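The block underneath contains the structure these notes are about, expressed in C-alpha cells.
Protein chains in written order, with the working numbering: chain A, 10 to 219; chain B, 10 to 219.
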C-alpha cells in the first residue's frame with residue numbers, strides 16, 4: 010500500500026522505471042498535502058478571539074478539508090491500481106481473433122476506470138482550491154504562506170489529474186462517454202485557472218508577503 | 010525525521026495544528042515528487058531505439074533530476090528545522106532590556122535561516138520546471154501526462170517556496186539582505202510563470218492529450 014510507504018520510499022518508487030505509481034498518484038498526493046495544510050491553518054485559526062467572526066465558516070472549511078484529505082490519500086493507491094489494470098490488459102494475448110477482441114474490450118474497460126481516478130483527483134482539488142481562496146481572508150494571517158502553498162498544491166493536483174484523464178481518453182471505446190469526460194475535465198481546468206489567479210491575487214493583496 | 014514518515018503519517022502531522030512541518034516542507038516535497046516523475050520518464054525513454062536521438066540529453070536530465078530529488082527531499086526536513094528555530098526564538102524571554110535585545114537578534118537570525126530553505130526549494134523547482142519543459146519533446150510520449158504533472162508539481166513547489174521566503178522577509182533585520190532576497194525570489198516567480206505557460210502549451214501541442 011503506497012500510503013504506508015515513507016516519503017523516501019514513495020519518491021524512490023515513483024522515480025523507478027515501473028509505470029506505477031505515476032503522475033496520477035503524485036497528483037492525488039499533491040491534493041492530500043493541500044488538504045492537510047488547510048486543516049493546519051484552520052487549527053491555527055479556530056478558538057482564537059481575533060478570528061471569532063469567521064469561526065463557523067473556518068470550522069466548515071476544516072471539515073471539508075479533512076474529508077478531502079482522506080479521499081485524496083486513498084486516490085494515491087486507487088490510481089496505481091487503475092493504471093496497473095491498463096498494463097495488465099495491454100499484456101493480454103493477441104494471437105487469435107477472439108483473443109484480440111477480448112483484449113480490446115479489456116483495454117477499453119481498464120482505460121475507462123483509469124480516467125475515473127484522476128477525474129476524482131481533479132474534482133477534489135478544484136474544491137480545495139476554492140477552500141484555500143476562502144481561507145485567505147478568514148484564516149490566521151501568520152499562516153498565509155501555508156494557505157498559498159495549499160492553493161498551489163491543489164492547482165498542481167488539478168492540472169496533473171486532468172492531464173492523466175486526457176491521456177487515457179483515447180483508449181476509451183465509448184465515444185460519447187469520452188466526449189462527456191473531456192467536457193468535464195475542460196470545465197475543471199478553466200475553473201482551476203480562474204481560481205489560481207484569484208487566489209494568488211488575494212494572497213498578495215493582503216500585504217503580508219513582502 | 011520527516012522523510013522516514015509514511016505518507017499517511019506525514020500528511021497527518023502536516024494537518025495538525027503544530028506549526029511544523031508547514032508549507033515550506035510541503036513545497037519541498039512537491040519538488041521531490043516532480044523530480045521523481047522526471048526520473049521515471051527518463052527511465053521509460055532511455056535505451057529505446059525510437060528515442061535514440063535524444064539519448065544523451067535525456068541522460069543528462071535524468072542525472073540532474075536525481076540530484077534535485079535528493080536535495081529537495083532533504084529540504085522537507087531542513088525547512089521544518091529552520092522554522093522550529095523561528096518559533097524557539099519567539100519564545101525567548103523578553104523581561105529585561107537585554108532579554109529583549111537578545112531575543113530580537115535571535116529572531117532576526119532565525120528568520121534569515123528560515124528564508125534560505127524555501128529559497129533553495131524555489132531554486133530547485135525552477136530548474137525542474139525547465140527540465141520538464143525540455144522533456145516534453147524528448148521523452149517517451151506515452152508518459153506525457155507524467156511530464157506535465159511533474160511540471161505542475163515543480164510550479165507548486167516554486168510558488169509555495171517563494172511565498173514562504175516572502176512571509177519571513179519582514180523579520181530580517183538586515184534590510185539590504187532582505188531586498189536582495191526579494192529581488193531574487195521575484196525573478197524566480199516571473200521565470201516560473203513563463204515556464205508554466207510554455208510547459209502547458211508544449212504539452213497540449215503534442216496532441217497526445219485528448
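All residues carry an ideal CB built from backbone N, CA and C; glycine is no exception. No experiment lies behind these values; they were computed from the predicted model shown.
Query, Result
"C-beta neighbour in chain B for residue 149(A), strict 8 Å", "no"
"Under 9 Å by beta carbon: chain B residues contacting residue 173(A)", "154, 155, 157 and 158"
"Counted within 10 angstroms of its Cβ, other Cβ atoms place residue 222(A) as buried (16 or more) or exposed", "Nothing about residue 222(A) can be reported from this structure: the residues present for chain A run from 10 to 219 only."
"Closer than 8 Å to chain B by CB, residue 85(A)", "yes"
"Nearest-angstrom beta carbon gap, residue 143(A) and residue 197(A) [assumed within contact, 8 Å]", "Between residue 143(A) and residue 197(A) the Cβ distance is about 18 Å, and since that is not below 8 Å, they are no contact."
"Exposed unless 16 or more other CB atoms sit within 10 angstroms - verdict on residue 120(A)", "buried"
"Any C-beta of chain B under 8 Å from that of residue 212(A)", "yes"
"Beta-bridge pairing of residue 15(A) - partner residues as DSSP gives them", "15(B)"
"Buried or exposed by the 16-neighbour rule on C-beta atoms within 10 Å, applied to residue 154(B)", "buried"
"Continuous alpha helix (DSSP H) assignments of at least 4 residues falling wholly in the segment 176-215 of chain A", "184-214"
"Spatial neighbours of residue 51(A) in its chain, beta-carbon cut-off 8 Å, leaving aside the 5 residues before and after", "67, 68, 70, 71, 74, 144 and 148"
"For residue 218(A) and residue 175(B), believed in contact at Cβ under 8 Å, the rounded distance", "4 Å"
"Presumed contact (8 Å Cβ cut-off) between residue 12(B) and residue 86(B), rounded CB distance", "6 Å"
"Alpha-carbon spacing of residue 170(A) relative to residue 116(B), whole angstroms", "41 Å"
"beta-carbon residue 87(B) near the ligand GDP non-hydrogen atom, thresh 7 Å", "Ligands in the displayed structure: none, and consequently the ligand GDP is not present."
"Residues within the segment 115-137 of chain B neighbouring chain A, beta-carbon criterion of under 7 Å", "none"
"Residue-chain proximity (residue 20(A), chain B), Cβ-Cβ < 8 Å", "yes"
"Assigned secondary structure, residue 105(B) (DSSP; H/G/I helix, E/B strand, else coil)", "coil"
"Cα-Cα separation between residue 193(A) and residue 128(A), rounded to whole angstroms", "9 Å"
"Short CB-CB distance (under 8 Å) between residue 68(B) and chain A", "no"
"The alpha helix (DSSP H) enclosing residue 49(B), as first and last residue numbers", "32-52"
"C-beta neighbour in chain B for residue 26(A), strict 8 Å", "yes"
"Contained alpha helix (DSSP H) runs [length at least 4] in the segment 54-142 of chain B, N- to C-terminal order", "64-99"
"Cβ-Cβ distance between residue 167(A) and residue 42(B) below 8 Å", "no"
"Among 164(A), 141(A), 138(A) and 179(A), the one whose alpha carbon lies nearest that of residue 124(A)", "179(A)"
"Supposed contact pair residue 32(B) and residue 134(B) - C-beta distance, whole angstroms, cut 8 Å", "Between residue 32(B) and residue 134(B) the Cβ distance is about 13 Å, and since that is not below 8 Å, they are no contact."
"Buried/exposed call for residue 107(A), threshold 16 Cβ in 10 Å", "exposed"
"Contact check, residue 28(A) vs residue 96(A), beta carbons under 8 Å", "yes"
"Amino acids of chain B, ordered along the chain, whose beta-carbon sits closer than 7 Å to that of residue 36(A)", "158"
"C-beta contact flag for residue 164(A) and residue 159(B) at 8 Å", "no"
"Helix, strand or coil at residue 27(A) according to DSSP, with G and I counted as helix", "coil"
"Local conformation of residue 154(A) per DSSP, three classes", "helix"
"Beta-carbon proximity of residue 141(A) to residue 216(A), cut-off 8 Å", "no"
"Sub-8 Å separation of residue 45(A) and residue 20(B) beta-carbons", "yes"
"Secondary structure of residue 146(B), DSSP reduced to three states", "helix"
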